[in-house]
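In the working numbering, the protein residues as written are 443 to 1162. Where is the CB? At the ideal position from N, CA and C, for every residue including glycine. Predicted, not measured: the structure shown is a model, and the values here were computed from it.
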Amino acid sequence: MTRVAVERLLSGLNEPQREAVLHAEGPLLVLAGPGSGKTRVITRRAAYLASTVTYPRHVLAITFTNKAAKEMQERVRTLDVEPGITVSTFHALCARLLRQYHEAANVPRNFTVFDRDDRRKLLKLAIERCDLSETNWTPAKVEAVISRAKNALQTPVEFSAANLDWSMRTIARVYAAYEQLLSEMGGLDFDDLLMRMALILEQQPALRDKLEDRFRYVLVDEYQDTNAAQYKIARLLTRDHQNLCATGDPDQSIYGWRGADIGNILAFERDYPNAKLVRLEQNYRSTKRILQSADRLITGNLKRKAKTLWTQNEDGLSVRVIECETSEEEAQTVADDIAAQIGAGVAPSEIAVFYRINSLSRSVEETLLRRGIVYQVARGVEFYNRKEIKDVLAYLRVLVNPADEVSLLRIINMPPRGIGDTTIERLESLARTTGRRVYEVLAGNGDLTALGRSAAKVHQFGDLLGQLAPAIHQPTPRALEFIVRHSGLHAHYAAETNEIETPLANIDELISAATEYHEDHPDSTVLQWLEHAALLSDIDTVRGQNGAVTLMTLHAAKGLEFTCVYIIGLENGLLPFRRPDDLLGDEEEERRLCFVGMTRAKRRLILSRAKYRLLRGQTERTARSPYLDELPDDGVEWIESKAPVTARQKAGLHGRLPQDSADWEIGTLVRHPLYGLGQVTGLTRGGRRTHVHVRFPDGSDRTWMLEFSDLQRVEFDEVE
DNA sequence: AATATTCCCGTTTTT
DNA sequence: CGGGAATATT
């Protein structure tokens, strides 16, 4: 690369940023405050290494999310670097390497990644196998303990040895049974991906050497959120060449609950005594007032390395704290302000609402919906959690990895084909007694008479799988279409009429997603796509562009920035979050979480709380978050939201006028405050909910839950 | 065997 | 409140 080109990589960077970009050999720690241009630095650094110092294939960058990986890959490309660097999350990287070196890793070549649901199911089985009761040993609790053990790289035996008390010993038994089940099914859970990789790097020197030689320059972003397994992987990959660049910010460590150890970043200089340290402290993102407020808050943390955040940006607006009466009012106030900002010309995509727990999104969603403000919720996993989506994926998973009995049992009677619980039990016991796996019983032409009358149906199902099997060698979108069509799922879901939820539309969307992925990765296999889908996170599925306001948890907000930021629910027990039963909770981590949220804001930051909050069906009195009291006096404006008593609130019932579903029928003319006049085209009455479908003159169809809608009946004579 | 209904429970954050 | 499991019904 020419001198001119290197100059270009350095253009617009300040001195410490340049140092970080140009430091090639040896360990480097970049402590980067919020908004300090870290992304720019690591992108340029990767480009510099790939083009000037070495070849692209020797550069590895590990990011926290898939989305960040994709963006970084693209940015490096626009810097005119030859393709070939590896940018990936820890999990995706490990999955790829474990598959590539499956023999050394002692995992099946076609292992599948078991998500949280699968893991729960398997744990239930494991608890059962250990003759324990699910009430005493709840899957959730056991899951947490096992996950922690795996993150600490403890096998069942080691875990058992390390714990003397009876309860932990018992969980160790479940852990062992769970591992047995996983291995029988050819599955790896999220933690396994890291743990296995760490262990083979440790135990197989030849492979470790090979990988270290491949990845000669390693960058780990968000180093403050690495856990023991990730730490070990990073260290082992760079043991000899020591070219590890860690970037991050201890003040933004927010994943302690999932095993992340803030100590990893704090001890970097001890681990690497000759490390170069670069501090990025100039903030280019936020106004002075926003930065000062956030900085003041974070100084409340006692266990902390002091640092100086500063900015040359303007003072800006005061940070606002809005105290509302109720959570509904809070949502309305936020929606009002959002509407005003959009009216003033702020792009909706520059606006975000953050909250501590997902369930808080609902109130804001409702108010935005009513105002017709387009929004997106960073909760993409929910899409992959839909029943129909899981059904389709289960077919793929079974075809790719027939040992996956969790998926097999999911589809054996989906669509319904007359194979009920008793038949399944018989099938399982037949498999057990003949020492085979269930899929082997299905695939073999053996004797199914033990299954009684259902034998024919089971046999048919085995045939069906045989017919579908070739599809997985097709490109994923085609495989999906084939399977959806021929499995009977299509017919099954097409038959479901008058539903608001349209499974077929979701399946189409799944195929679109696969198509998009396939365009980006033309040579990818079904197996790779499944893996990709399993490792997607909430934030990965946010579609950046379009004119939508973004709603997300504070955790998902890390690494992003918006012109206007609203953080709702600043109440004691909610932020900082505290579980009802237990007193503990890392209050410093909660403070960091708030800090992360505040520092996402460029120009306008609003913090809100409600004195009464409707949570899980009950309105409760709340107390203000202590964090609000820690904000500086200057530059913060406190607003007591006046509570306009509307007809709605007087009417009670979630602040809405009661609607009587008896008044509604197909053809009824209605008026909506936003969309105007429309006509009811359908009603879906569920257990306690009624959904109204309405068509408007512009041809659009919309659906509301009757009790929440702002629809009003219109009599014919009014229309004239 | 499949579907409809009721009841009970648990309460975060996510790869 | 909402989801999942257990139970009742056809």
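Indicate whether residue i and residue j have their beta-carbon atoms separated by less than 8 Å.
{"i": "residue 451", "j": "residue 521", "result": "yes"}
{"i": "residue 849", "j": "residue 859", "result": "no"}
{"i": "residue 869", "j": "residue 842", "result": "no"}
{"i": "residue 656", "j": "residue 685", "result": "no"}
{"i": "residue 816", "j": "residue 1038", "result": "no"}
{"i": "residue 703", "j": "residue 726", "result": "no"}
{"i": "residue 630", "j": "residue 623", "result": "no"}
{"i": "residue 732", "j": "residue 1047", "result": "yes"}
{"i": "residue 777", "j": "residue 806", "result": "yes"}
{"i": "residue 845", "j": "residue 516", "result": "no"}
{"i": "residue 501", "j": "residue 488", "result": "yes"}
{"i": "residue 628", "j": "residue 577", "result": "no"}
{"i": "residue 1049", "j": "residue 763", "result": "yes"}
{"i": "residue 745", "j": "residue 475", "result": "no"}
{"i": "residue 760", "j": "residue 1077", "result": "yes"}
In whole angstroms, what separates the C-alpha of residue i from that of residue j?
{"i": "residue 449", "j": "residue 490", "result": "10 Å"}
{"i": "residue 794", "j": "residue 1084", "result": "24 Å"}
{"i": "residue 713", "j": "residue 456", "result": "28 Å"}
{"i": "residue 661", "j": "residue 678", "result": "13 Å"}
{"i": "residue 909", "j": "residue 973", "result": "23 Å"}
{"i": "residue 518", "j": "residue 708", "result": "29 Å"}
{"i": "residue 1081", "j": "residue 482", "result": "37 Å"}
{"i": "residue 740", "j": "residue 797", "result": "18 Å"}
{"i": "residue 556", "j": "residue 758", "result": "48 Å"}
{"i": "residue 929", "j": "residue 458", "result": "59 Å"}
{"i": "residue 454", "j": "residue 525", "result": "24 Å"}
{"i": "residue 508", "j": "residue 538", "result": "14 Å"}
{"i": "residue 915", "j": "residue 1070", "result": "57 Å"}
{"i": "residue 1014", "j": "residue 1067", "result": "4 Å"}
{"i": "residue 738", "j": "residue 466", "result": "35 Å"}
{"i": "residue 932", "j": "residue 770", "result": "40 Å"}
{"i": "residue 1095", "j": "residue 1011", "result": "With a pLDDT of 35 at residue 1095, under the threshold of 50, the modelled position of that residue is not reliable, and the figure given next carries that caveat. Cα to Cα, residue 1095 sits roughly 21 Å from residue 1011."}
{"i": "residue 547", "j": "residue 722", "result": "39 Å"}
{"i": "residue 633", "j": "residue 601", "result": "15 Å"}
{"i": "residue 834", "j": "residue 563", "result": "18 Å"}
{"i": "residue 480", "j": "residue 689", "result": "8 Å"}
{"i": "residue 388", "j": "residue 612", "result": "Because the chain spans 443 through 1162 in this model, residue 388 falls outside it and cannot be assessed."}
{"i": "residue 885", "j": "residue 966", "result": "27 Å"}
{"i": "residue 527", "j": "residue 640", "result": "22 Å"}
{"i": "residue 1005", "j": "residue 1044", "result": "5 Å"}
Leaving out five residues before and five after residue i in sequence, what residues of the same chain have Cβ atoms less than 7 Å from its Cβ?
{"i": "residue 742", "result": "1033, 1072"}
{"i": "residue 1074", "result": "734, 735, 738"}
{"i": "residue 896", "result": "860, 861, 865"}
Here's a check: name, in chain order, each residue in its chain whose Cβ is nearer than 6 Å to the Cβ of residue i, leaving out the five neighbours to either side.
{"i": "residue 768", "result": "1052, 1054"}
{"i": "residue 594", "result": "670"}
{"i": "residue 486", "result": "451, 463"}
{"i": "residue 551", "result": "544"}
{"i": "residue 1162", "result": "In this predicted model, residue 1162 has a pLDDT of only 29, less than 50, meaning its place in the structure is not dependable; the value taken from the coordinates is given anyway. For residue 1162, where only same-chain residues beyond five positions count, there are no Cβ hits under 6 Å."}
{"i": "residue 1174", "result": "Absent from the structure is residue 1174, since the part of the chain shown begins at 443 and ends at 1162."}
{"i": "residue 687", "result": "470, 661"}
{"i": "residue 719", "result": "471"}
Apart from the five residues on each side of it in sequence, which residues of its chain come closer than 8 Å, Cβ to Cβ, to residue i?
{"i": "residue 506", "result": "531, 663, 664, 667, 1000, 1001"}
{"i": "residue 681", "result": "650, 654"}
{"i": "residue 616", "result": "565, 568, 569, 572, 574, 579, 584, 588"}
{"i": "residue 958", "result": "none"}
{"i": "residue 920", "result": "913"}
{"i": "residue 752", "result": "723, 724, 725, 733"}
{"i": "residue 1031", "result": "695, 696, 698, 699"}
In terms of DSSP beta bridges, what is residue i paired with?
{"i": "residue 530", "result": "504"}
{"i": "residue 1019", "result": "1015, 1016"}
{"i": "residue 1080", "result": "763"}
{"i": "residue 1008", "result": "795, 1048"}
{"i": "residue 572", "result": "According to DSSP, residue 572 bridges with nothing at all."}
{"i": "residue 474", "result": "722"}
{"i": "residue 818", "result": "992"}
Go through the stretch 513-564 residue by residue and report every complete run of the alpha helix (DSSP H) that reaches 4 residues or more, in order.
532-542, 544-547
What runs of the alpha helix (DSSP H), each 4 residues or longer, lie entirely inside the stretch 717-786?
730-740, 769-785
Taking only runs of the beta strand (DSSP E) that begin and end inside the stretch 599-650, which ones reach a length of at least 3 residues, in chain order?
629-631
Those runs of the alpha helix (DSSP H) which lie wholly inside the stretch 835-887 and span at least 4 residues
847-853, 863-875, 880-885
My parser needs the alpha helix (DSSP H) runs of 4 or more residues fully inside the stretch 1030-1072; what are they?
1068-1071
Restricting to runs no shorter than 4 residues, where is the alpha helix (DSSP H) found entirely within the stretch 898-923?
none
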